[in-house]
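Chemist: Sequential numbering of the sequence shown, starting at 1, is according to the UniProt record's numbering. Just so it is clear, CB atoms sit at the ideal spot from N, CA and C, and this is done for glycine as well. These numbers come from a predicted model, not from an experiment. Before I ask anything, let me first share the structure, which is written out below as structure tokens.
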Amino acid sequence: IIDITDLAHDVTDFIDSHPGGRALLKGQVGKDATVPFHGGVHAHNNAAHNLLAMMRVAICEQGGEVECLKKQL
1 IIDITDLAHD
11 VTDFIDSHPG
21 GRALLKGQVG
31 KDATVPFHGG
41 VHAHNNAAHN
51 LLAMMRVAIC
61 EQGGEVECLK
71 KQL
């Protein structure tokens with residue numbers, strides 16, 4: 001689970017397909033990845049935003065932390 005703009009996303013099924021590699025997503029698991037997603041190394045296009053929207057699982061409480069399920073990634 002990663003947090004982007006106060007929305008929790010389950011990236012489990014996508015992590016091995018990420019064009020930038022598994023390590024980039026794995027490094028953001030359980031964290032707020034808003035800045036890397038919106039202003040990181042790569043500018044994400046509309047397709048990336050649409051794909052991310054399909055991974056949303058929850059709205060994060062303001063000031064809260066993303067709790068990561070202990071899954072093997």
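Taking Cβ positions, are I59 and D6 nearer each other than 8 Å?
Modeler: In this structure, D6 lies closer than 8 Å to I59 by Cβ.
Chemist: Give me the Cα-Cα distance between E61 and F14, rounded to the nearest whole angstrom.
Modeler: Taking the straight line joining both Cα atoms gives about 24 Å.
Chemist: Note down the Cα distance separating M55 from A8, rounded to an integer number of angstroms.
Modeler: Spanning the two alpha carbons is a distance of roughly 8 Å.
Chemist: Whole angstroms is fine: what's the gap from T12's alpha carbon to H49's?
Modeler: Straight-line Cα distance between these residues: approximately 17 Å.
Chemist: Compute the beta-carbon to beta-carbon distance between A43 and D3, rounded to the nearest angstrom, for a pair I have assumed lies under 8 Å.
Modeler: In fact, because the Cβ distance is near 20 Å, the residues do not count as touching under 8 Å.
Chemist: Roughly how many whole angstroms lie between the Cα atoms of A47 and G30?
Modeler: Cα to Cα, A47 sits roughly 23 Å from G30.
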